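Just below is one structure, and these are the notes that go with it.
Chains as they are written, first to last, in this note's numbering: chain D, 1 to 534; chain A, 535 to 851.
As structure tokens, then:
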């Protein structure tokens, strides 16, 4: 106990110093921080949404839609491949499968060979192969072939969709110019979006809720609103804002897409000659050429600009559009035009997203929470410290010193790790203040007991520390286990609580077993006490 | 003069109260179950799904008027309550079939100025869909079960399996009583409650382990002491520490409860209750339970007062 090698003293002092120095930025103002020399840490704790206000959204990717789209495109591929191999057939999508009926059942084996070539290996590389097949197929006894999507392939596809969606969302939210958003995948098929310091969830949802699939398709103006739609065409509704009384609510357009949003290079707010807000855009090289080509051939026809299945504009082609750029007119406000511009330049989401959980905290509540948390922590800390000194006298002061180092270490580690402090996290710290002294209490009680039993002062200290050690380990490991499980299962604020609790357990063990022990042994070596006032 | 809440040499015969404690705990558990099945829990939207809006008003809000104004919207069950402060109101709405959450919140925002004078600040809105709330429930239950399981394994490894059983029985006891307390008080049961329960699990265990640790030590030291006496001795040895730590933790929690704001009221209430229950259970439940099972002492002890029968190994068995 009394024997403390120098390296240990240095190490313990360094750790304690690290705590104080790395925690310090949290208690300084920004100006004070800026005036500090560069070698000192300046990282402050990130405040959670509940402490600084902000929006938390959990979005779910509509995977059934992804599955349907995949089925449709796969059916097209298979039909083309079979046609190329001169195998006549009829196919249909039934539930989750594509059912192929061959006109000549004797061609079945040949058809299966062709199908074999349409299998895409997802996730594999061109060089090494590998990956998972996207479809599997089965010949039935009646000669029909059932093609279905593989589970692995769907999972892979779902993951790709999520990754792409996160990309697109990040571009969109960054485009709004707010503070660092946190966008991440959560579980299977979910995306978590947290935007701190932003209290308009409606605006945020406008930005992220739209799929923003844009396409340019030619209008068949010969078709009236009651006519039957011929094959190769589809009837699409006008967007609500574009409906004009007396004019049809829908138009018949060619299914062939001249261009899609993927061919856009940039888009943003612009103004037309009457100074009304419009969305101006520029195509990429391919898009520009193709647009010029199509408009040259279709002068005096109308084309429709379609966003998420609704026609937002259907202008007449007065002359070929050659410059590779254009504008979308409509009933836009400055805000809605810049919003659409942002959506178009960030690209379309590969699937529809729906909000399944939403939490918005206003900035007032956030600052109220911080204030309350601070007061509770300070009062709690002072009360505990007074009680400890009353109970253990000089030893209590050492314990209190250790407690302060402990709290510095918690703040320091949280800041260094870049952890987020939430209200439950504050609760975790306050709770640690109460529980952190436990290790010291265990030691002091043991020392008290040994001394009372008649051991000499020094030997009582020695035995006290020794015997309390294994109890401290057992008692803390169990709390640590609870914290780990909380971390694993908790979401958001609860995770924050688990982190502070776990760090608190670790640092309180360090401060009790090493730091306070070092101070007390230094005192014991110098004073050689015969009586312990404990 | 130092403050000592627990006198230096106590010898309270805790173990002799065990029958009372068992009956008492059993009654409490039955009461907790009864409350749970009759009154149920006041689930927050985390677990029930739905929409919650917290608003701040300039003047003291008229809860009745807000409630009647909102119920005219025909949105099903509307709960309106004060939230810690008469100028702070919490509104709970059901998840509306066929309406997006925004449409619901928009409707609420439209009519609220009829019921409230002056400016209304929207402090917080939360919505949780039903699939998410179901997952949160199953995750929460899973977390508590896993925590208890992990603890059982840890104690089994560090002590004997009998200790593990005792600790887990005490833990389950604490969790049930905490849920009962939530049912009785009608405090909102939400995600932070799960966090509180897990922390109680950790804390109660902490207490139990300290007592068990001393029992293990005393088992080695006093080979011939009868078990009840040995258990009493161990509890008394650690009593001063148990009281001290419970008090420091309670002090910190009381500060959190009274000053920490409405947001963590439920959390700190649960924790305060948990400290009492956890401390009680480690003394009156976890320790006496060890009497039910035979604890292995390090060496065979055949003395009659040891209270342990040692059967000599049979040949051929």
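We put the beta carbon where it would ideally sit given N, CA and C, even for glycine.
Quick caveat: nothing in here was measured; it's all calculated off a predicted structure.
Fill in: residue 411 of chain D, enclosing alpha helix (DSSP H) - first and last residue
Taking the first residue of the first chain as position 1, residue 411 of chain D is located at position 411. 363-417 is the extent of the alpha helix (DSSP H) around residue 411 of chain D.
Worksheet entry | At least three beta-carbon pairs within less than 8 Å, the stretch 471-480 of chain D to the stretch 817-825 of chain A | In short, these stretches do not touch, since the Cβ pair count stays below three.
Worksheet item: Is DSSP giving residue 574 of chain A helix, strand or coil here?
Response: As a position in the second chain, residue 574 of chain A is number 40, starting the count at 1. In this structure, residue 574 of chain A counts as coil in the three-state DSSP scheme.
Fill in: Cβ contact (3+ pairs, closer than 8 Å) linking the stretch 659-670 of chain A and the stretch 350-357 of chain D
The stretch 659-670 of chain A, when compared against the stretch 350-357 of chain D, does touch it at the 8 Å Cβ threshold.
Practice prompt. Report buried or exposed for residue 85 of chain D, applying the criterion of at least 16 other Cβ atoms within 10 angstroms of its Cβ.
Written response: Residue 85 of chain D sits at position 85 when you count from the first residue of the first chain. With fewer than 16 other Cβ atoms within 10 Å, it is exposed.
Practice prompt. Out of D/95, D/100, D/57, D/55, point me to the one whose CA is closest to residue 76 of chain D's CA.
Written response: Within the first chain, numbered from 1, the residue matching residue 76 of chain D stands at position 76. When only C-alpha atoms are compared, the closest one is D/100.
Practice prompt. Please list the partners that residue 530 of chain D has in chain A, where partner means a Cβ-to-Cβ separation under 8 Å.
Written response: Along the first chain, one-based indexing puts residue 530 of chain D at 530. In chain order: nothing, as chain A lies at least about 18 Å away.
Worksheet entry | Segment contact flag, the stretch 693-710 of chain A with the stretch 772-789 of chain A, C-beta cutoff 8 Å, min 3 pairs | Output reads no: the stretch 772-789 of chain A does not touch the stretch 693-710 of chain A.
Practice prompt. For residue 688 of chain A, verify whether its CB is less than 7 Å away from any heavy atom of the ligand ATP.
Written response: This structure does not include the ligand ATP; it has no bound ligands of any sort.
Worksheet entry | Residues near residue 620 of chain A by beta carbon distance below 6 Å, same chain, minus five either side | Against the second chain, residue 620 of chain A aligns to sequence position 86. If we look at residue 620 of chain A and ignore the five residues flanking it on each side, its Cβ neighbours are 594.
Practice prompt. Pull out every residue of the stretch 387-407 of chain D whose Cβ sits closer than 8 Å to any Cβ of chain A, in chain order.
Written response: Cβ contacts with chain A come from 387, 388, 390, 391, 392, 393.
Discussion item. Please report the straight-line C-alpha distance between residue 795 of chain A and residue 779 of chain A, rounded to a whole angstrom.
Written reply: Against the second chain, residue 795 of chain A aligns to sequence position 261. Against the second chain, residue 779 of chain A aligns to sequence position 245. Rounded to the nearest angstrom, the two C-alpha atoms are 24 Å apart.
Practice prompt. Starting from residue 538 of chain D, follow the alpha helix (DSSP H) in both directions and report where the run begins and ends.
Written response: With chain D covering 1 to 534 only, the question about residue 538 of chain D has no answer from this structure.
Worksheet item: Are residue 210 of chain D and residue 308 of chain D closer than 8 Å when you measure CB to CB?
Response: Indexing the first chain from 1 puts residue 210 of chain D at position 210. Indexing the first chain from 1 puts residue 308 of chain D at position 308. Yes, Cβ-Cβ distance for residue 210 of chain D and residue 308 of chain D is below 8 Å.
Worksheet item: Under the three-state reduction of DSSP, which class applies to residue 547 of chain A: helix, strand or coil?
Response: As a first step, residue 547 of chain A is located in the second chain; it is residue number 13 there, counting from the start. In the three-state reduction of the DSSP assignment, residue 547 of chain A falls in the coil class, being assigned neither a helical nor a strand state.
Fill in: Cβ of residue 537 of chain D within 8 Å of any chain A Cβ
No answer is possible for residue 537 of chain D: it lies beyond the span of chain D, which begins at 1 and ends at 534.
Worksheet entry | Members of the stretch 497-513 of chain D near chain A, C-beta cut-off 8 Å | Contact annotation: in the stretch 497-513 of chain D, residues whose CB is within less than 8 Å of a CB in chain A are 497, 498, 501.
Worksheet entry | the stretch 260-277 of chain D contacting the stretch 218-229 of chain D, beta-carbon criterion three pairs below 8 Å | A contact is defined here as three or more CB-CB pairs under 8 Å, and the stretch 260-277 of chain D fails this definition with respect to the stretch 218-229 of chain D.
Discussion item. Under 8 Å, CB to CB, which of the residues in the stretch 449-468 of chain D have a partner in chain A?
Written reply: From the stretch 449-468 of chain D, only 449, 452, 467 have a Cβ closer than 8 Å to chain A.
Discussion item. Could you give the first and the last residue of the continuous beta strand (DSSP E) run that contains residue 269 of chain D?
Written reply: Walking along the first chain from the start, residue 269 of chain D turns up at place 269. For residue 269 of chain D, the enclosing beta strand (DSSP E) begins and ends at 264-271.
Worksheet item: Do we get a CB-CB distance below 8 Å when we pair residue 816 of chain A with the residues of chain D?
Response: Within the second chain, residue 816 of chain A is the residue found at index 282, counting from 1. Chain D, which has no Cβ nearer than 8 Å to the Cβ of residue 816 of chain A, makes this no.
Worksheet entry | Alpha-carbon spacing of residue 87 of chain D relative to residue 139 of chain D, whole angstroms | What you label residue 87 of chain D is simply residue 87 of the first chain in a count that begins at 1. What you label residue 139 of chain D is simply residue 139 of the first chain in a count that begins at 1. So the two alpha carbons sit approximately 16 Å from each other.
Worksheet item: Do you know offhand how far residue 163 of chain D's Cα is from residue 266 of chain D's?
Response: The residue labelled residue 163 of chain D in the question sits at position 163 within the first chain. The residue labelled residue 266 of chain D in the question sits at position 266 within the first chain. Rounded to the nearest whole angstrom, the C-alpha separation of residue 163 of chain D and residue 266 of chain D is 22 Å.
Fill in: One or two residues paired with residue 56 of chain D in a DSSP bridge
The residue given as residue 56 of chain D occupies position 56 in the first chain. For residue 56 of chain D, which the question treats as bridged, DSSP gives the partners D/194, D/359.
Worksheet item: Is it the case that the Cβ atoms of residue 303 of chain D and residue 218 of chain D are separated by a distance below 8 Å?
Response: Mapped onto the first chain, residue 303 of chain D falls at position 303. Mapped onto the first chain, residue 218 of chain D falls at position 218. Their beta carbons are under 8 Å apart, which means residue 303 of chain D touches residue 218 of chain D by this criterion.
Fill in: Reference residue 811 of chain A, options A/623, A/800, A/563, closest by Cα
To locate residue 811 of chain A, count along the second chain from 1; it is residue 277. Nearest option by C-alpha distance: A/563.
Fill in: Interface residues of the stretch 327-360 of chain D facing chain A [CB-CB below 9 Å]
So the close ones are 354, 355, 356, 357, 358, 359, 360.
Worksheet item: So, is residue 801 of chain A buried or exposed, given that buried needs 16 or more other C-beta atoms within 10 angstroms?
Response: For this step, residue 801 of chain A is matched to residue 267 along the second chain. Looking at its Cβ environment, which holds 16 or more other Cβ atoms inside 10 Å, residue 801 of chain A is buried.
Discussion item. My output table needs one value for residue 839 of chain A: the three-state DSSP class, helix, strand or coil.
Written reply: As a position in the second chain, residue 839 of chain A is number 305, starting the count at 1. For residue 839 of chain A, the predicted structure reports a pLDDT of 44, less than 50, and the residue's modelled location is therefore unreliable. A value from the coordinates is still provided. In this structure, residue 839 of chain A counts as helix in the three-state DSSP scheme.
Discussion item. Quick check: the Cα distance between residue 758 of chain A and residue 543 of chain A, rounded to an integer number of angstroms?
Written reply: Position 224 of the second chain, counted from the start, is the residue given in the question as residue 758 of chain A. Position 9 of the second chain, counted from the start, is the residue given in the question as residue 543 of chain A. Between the alpha carbons of residue 758 of chain A and residue 543 of chain A lies a gap of roughly 22 Å.
Worksheet item: Which same chain residues, not among the five before or five after residue 570 of chain A, have their C-beta less than 7 Å away from its C-beta?
Response: The count along the second chain starts at 1 and reaches residue 570 of chain A at position 36. Cβ-Cβ distances below 7 Å link residue 570 of chain A to 713, 714, 717 in the same chain, with the five nearest sequence neighbours on each side left out; the list follows chain order.
Item to complete: Could you check the C-alpha separation between residue 380 of chain D and residue 189 of chain D for me, to the nearest Å?
Response: Reading the first chain from its first residue, position 380 is the one you call residue 380 of chain D. Reading the first chain from its first residue, position 189 is the one you call residue 189 of chain D. In this structure, the CA atom of residue 380 of chain D is about 43 Å from the CA atom of residue 189 of chain D.
Discussion item. I'd like to check one pair, residue 749 of chain A with residue 768 of chain A: are the Cβ atoms closer than 8 Å?
Written reply: Counting from 1 along the second chain, the entry for residue 768 of chain A is found at position 234. Counting from 1 along the second chain, the entry for residue 749 of chain A is found at position 215. The Cβ-Cβ distance between residue 768 of chain A and residue 749 of chain A falls below 8 Å.
Worksheet item: Got a sec: which bits of the stretch 758-776 of chain A sit with their beta carbon under 8 Å from any beta carbon on chain D, in order along the chain?
Response: If the cut-off is 8 Å between Cβ atoms, the stretch 758-776 of chain A has 771, 772, 774, 775 near chain D.
Worksheet item: Among all the DSSP beta bridges, which residues are the ones paired with residue 420 of chain D?
Response: Residue mapping note: residue 420 of chain D aligns to position 420 of the first chain, counting from 1. Paired residue(s): D/46.
Worksheet item: Residues of chain D with CB under 8 Å from residue 623 of chain A, in chain order?
Response: Start at 1 with the first residue of the second chain, and residue 623 of chain A comes out as number 89. The premise fails here: residue 623 of chain A is roughly 13 Å from chain D at the closest Cβ pair, so nothing lies under 8 Å.
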